[in-house]
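Scroll down for the structure; my scribbles are underneath it.
In the working numbering, the protein residues as written are 1330 to 1443.
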């Protein structure tokens, strides 16, 4: 399991050609940006947030279907009240590949109660 700092480092050094934005992710980004001030408006704004804020918490998710992938929920604090939670998958290969699966906002209190 990786730490928040290790995830942040991977996000910063991974080449754009090794990053995949799943269709579900793009749809959720577009839909949720319309109803929330927390969710970025587009991929460019999303990348700025990820590259300028080290995650505050990372939660490993078991994924029994895909043995060569490790899924994480990455929490980036956006406001005093809300985190931006990004679900991503790290594909074990060289170089590493990152797949963005979905994103949503979550009340900070849910993270703090873990």
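Idealized CB from N, CA, C, for every residue including glycine.
- CA-to-CA, the gap between residue 1401 and residue 1430 works out to about 10 Å.
- Here DSSP, grouped into helix, strand and coil, assigns residue 1430 to strand.
- If you check the CB distance, residue 1435 and residue 1368 do not come in under 8 Å.
- The stretch 1342-1349 makes contact with the stretch 1419-1428; the number of CB pairs closer than 8 Å reaches 3 or more.
- Residue 1355 sits in a helix when the DSSP states are folded into three classes.
- Going by DSSP, residue 1331 is part of no beta strand (DSSP E) at all; its letter is neither H nor E.
- Under DSSP, no beta-bridge partner is assigned to residue 1409.
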